[in-house]
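According to my numbering, the sequence shown holds residues 47 to 204 in order.
Written below as structure tokens is the structure these notes are about.
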Amino acid sequence: MRFELTSQLALPPDEVVACYTDPDFYARLDGLPNVGEPRVLDRTERGDTVTMRVHYRFTRVLSAGVAKVVDPAKISWVEETEWDRTTCSARSILLPDNYADRFSASAQRLHTAADGGTLRRISGEVRVRFPVVGGKVERAVVEGLEEYLRAEAERVTA
């Protein structure tokens, strides 16, 4: 399932990228909807490129039918994001802790100057390969991600 999200942030693009490449920023994201406390595993800097590895846990309540097939406690992953500070863009891949043969996701982010702040564009794809419920899980993940990213935007501007 493909998705696209656009949001306006109050900070300029370089400051937005500075937030996401600062390990201390992720503690501010604890308590946001659908995702448990993010845990920074690694930060690597090479020139204008910063790679962040952050562990997440999906906490959104799944329907009873989906929960029969997918154990909600096993929906967790490492998001590996390569940030380009020159272009204020990033590419992410999600590396599942469980269900690696049935779940994949990736996204691209672009931050551009707009209206005195930043226009954040995120596009990506979530694939869930479970008979019968795969599409429902994809929708639940994308809906949860959209809600999370809206709430996250408020923390970036705080």
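From the three backbone atoms N, C-alpha and C, an ideal C-beta is built for every residue, glycine too.
The model shown is predicted, which means the values in this text are computed figures rather than measured ones.
Does the distance from the CB of Arg-173 to the CB of Ser-138 come in under 8 Å? Here residue 173 is taken as the residue at index 127 of the sequence shown, counted from 1. Here residue 138 is taken as the residue at index 92 of the sequence shown, counted from 1. Not a contact, by the Cβ cut-off of 8 Å.
Out of Val-62, Asp-147, Val-116 and Ser-135, state which residue places its alpha-carbon closest to the alpha-carbon of Lys-182. Within the sequence shown, residue 182 is the residue found at index 136, counting from 1. With distances taken between Cα atoms, Lys-182 lies closest to Val-116.
Of the residues Gly-163, His-101 and Leu-191, the one placed nearest Leu-141, counting alpha carbons only: By one-based count along the sequence shown, residue 141 stands at place 95. Measuring from the Cα of Leu-141, the nearest candidate turns out to be His-101.
Candidates Gly-180, Trp-129 and Arg-185: closest to Asp-68 by CA position: What you label residue 68 is simply residue 22 of the sequence shown in a count that begins at 1. Checking every option, the nearest Cα to that of Asp-68 belongs to Trp-129.
Would DSSP call Glu-126 helix, strand or coil? As a first step, residue 126 is located in the sequence shown; it is residue number 80 there, counting from the start. Strand at Glu-126.
In chain order, what residues of the same chain lie with their CB nearer than 8 Å to the CB of Asn-80, ignoring the 5 residues before and after it? Taking the first residue of the sequence shown as position 1, residue 80 is located at position 34. Counting only Cβ-Cβ distances below 8 Å, and skipping sequence neighbours, we find Phe-104, Thr-105, Arg-106, Gly-190, Leu-191, Glu-193 and Tyr-194.
My output table needs one value for Glu-91: the three-state DSSP class, helix, strand or coil. Translated into the one-based positions of the sequence shown, residue 91 becomes position 45. Reduced to three states, the DSSP call for Glu-91 is strand.
Tell me which same chain residues have a C-beta within less than 7 Å of the C-beta of Leu-75, skipping the five on either side of it? Stepping through the sequence shown from its first residue, residue 75 is reached at position 29. These residues qualify, in order along the chain: Pro-84, Glu-198 and Arg-201.
The beta strand (DSSP E) spanning Glu-171 covers which residue range? Residue numbering aside, residue 171 sits at position 125 when the sequence shown is read from its first letter. Start and end: 163-174.
Contact set for Glu-50: own chain, Cβ-Cβ below 6 Å, skip 5 residues either direction: Along the sequence shown, read from residue 1 onward, the residue named residue 50 stands at position 4. Excluding residues within five positions, the ones whose Cβ falls inside 6 Å are Ser-169.
Gln-54 beta carbon less than 8 Å from that of Gly-163: The count along the sequence shown starts at 1 and reaches residue 163 at position 117. The count along the sequence shown starts at 1 and reaches residue 54 at position 8. Yes, the Cβ-Cβ distance between Gly-163 and Gln-54 is below 8 Å.
Can you look up Val-83 in the DSSP assignment and give me helix, strand or coil? Counting from 1 along the sequence shown, the entry for residue 83 is found at position 37. For clarity, residue 83 is Glu in the given sequence; the question names Val instead. The answer is coil: DSSP assigns Glu-83 none of H, G, I, E or B.
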